[in-house]
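K.L.:
Start counting the sequence shown at 149; every next residue gets the next number (my numbering).
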Amino acid sequence: MTIPHIALVVARARNGVIGRDGDLAWKLRSDLQRFKEITLGKPCIMGRSTWESLPLRPLPGRLNLILSRDLSYEERGKAKGAVVCSNLADALDIARETAEDDGIEEVCVIGGTALFEAALPRARRLYITEVEAEPEGDALFPAFDESLFRETLNERHDAGEKDDHPFVFRILDRI
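1) What three-state label does DSSP hand E253 in the structure shown?
2) Helix, strand or coil for L215 per DSSP?
3) Is it buried or exposed for R182, if we count other Cβ within 10 angstroms and need 16 for buried?
4) Considering only DSSP beta bridges, list what R298 is partnered with.
5) Which term fits I323, buried or exposed, when burial requires 16 or more other beta carbons within 10 angstroms of its beta carbon?
6) Mind checking which residues open and close the beta strand (DSSP E) that includes I186?
7) Under the three-state reduction of DSSP, which class applies to I154: helix, strand or coil?
8) Mark A237 as exposed unless 16 or more other C-beta atoms lie within 10 angstroms of its C-beta, in which case mark it buried.
9) Taking Cβ positions, are R239 and I193 nearer each other than 8 Å?
10) Compute the distance between the beta-carbons of P290 and F315, then report whether it is under 8 Å.
11) Give the secondary structure of L263 by DSSP, where H, G and I count as helix, E and B as strand, and everything else as coil.
12) Just to confirm my understanding: we take A307, look at its own chain, exclude 5 residues before and 5 after, and list those with CB closer than 6 Å. What are they?
13) Rounded to whole angstroms, what's the CA-CA distance from V231 to R196? Just pull it up for me.
14) In or out: R160 buried (at least 16 other Cβ within 10 Å) or exposed?
15) For A262, which residues in the same chain have their Cβ closer than 8 Å to its Cβ, ignoring the five residues on either side in sequence?
16) Return yes when the Cβ of D321 is within less than 8 Å of the Cβ of R270, no when it is not.
17) Leaving out five residues on either side along the sequence, give the residues of the same chain with a beta carbon under 7 Å from the beta carbon of E278.
18) Indicate the three-state DSSP secondary structure (helix, strand or coil) for E282 in the structure shown.
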């Protein structure tokens with residue numbers, strides 16, 4: 149059996165913004181649907197702020213792993229339906245063990261900034277929604293060398309009734 153690989157799942161604007169005030173800086177229902185399709189059934193690792201920004205907690209049909217330095221977070225009932233880990237290595241161990249047991253090949257890292265920075269060097273795949281906008285924001289996706297990846301999907305979508313901005317779904321696989 150192969151060891152499950154790490155995939156980052158992110159929507160980012162042209163200027164690298166991924167969030168503002170604990171929320172997304174745009175409305176893209178098509179991207180939310182894609183997020184669900186990519187992550188459903190897979191372990192999802194997220195930071196505490198990302199967890200708190202979710203409208204529905206835990207994400208149904210997924211093992212939710214929260215990174216937090218505050219280990220009392222779980223004891224205080226703030227993480228119902230999730231597992232709290234103090235570091236990325238522990239979260240990855242739990243996620244990979246669960247994925248292996250379930251025959252899943254991928255572990256998803258879904259944000260925020262600090263977690264993306266820590267996981268990016270280990271990621272084998274990036275699911276990126278490139279939002280064609282430049283909103284103000286306080287959370288950014290880290291810069292990275294795209295030459296280390298091969299693009300395997302580039303799917304353009306126009307703005308419409310469900311989506312405030314045009315966007316591109318991309319998949320990048322590490323070379």
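For every residue, glycine included, the Cβ atom is placed at its ideal position computed from N, Cα and C.
P.N.:
For this structure:
1) coil
2) strand
3) R182 should be labelled buried.
4) D321
5) exposed
6) First-last for I186: 177-187, but that is the alpha helix (DSSP H), not the beta strand (DSSP E).
7) In this structure, I154 counts as strand in the three-state DSSP scheme.
8) exposed
9) The displayed chain sequence assigns Ala, not Arg, to residue 239. Yes, they are a contact pair.
10) no
11) helix
12) H313, P314
13) Each residue's alpha carbon lies about 11 Å from the other.
14) By the 10 Å Cβ count, R160 comes out buried.
15) The residues G195, in chain order, have a CB closer than 8 Å to that of A262 in the same chain once the five nearest residues on each side in sequence are set aside.
16) At least 8 Å separates the beta-carbon of R270 from that of D321.
17) Residues of the same chain with a CB within less than 7 Å of the CB of E278, apart from the 5 flanking positions on each side, are R160, F315, V316, R318 in chain order.
18) coil
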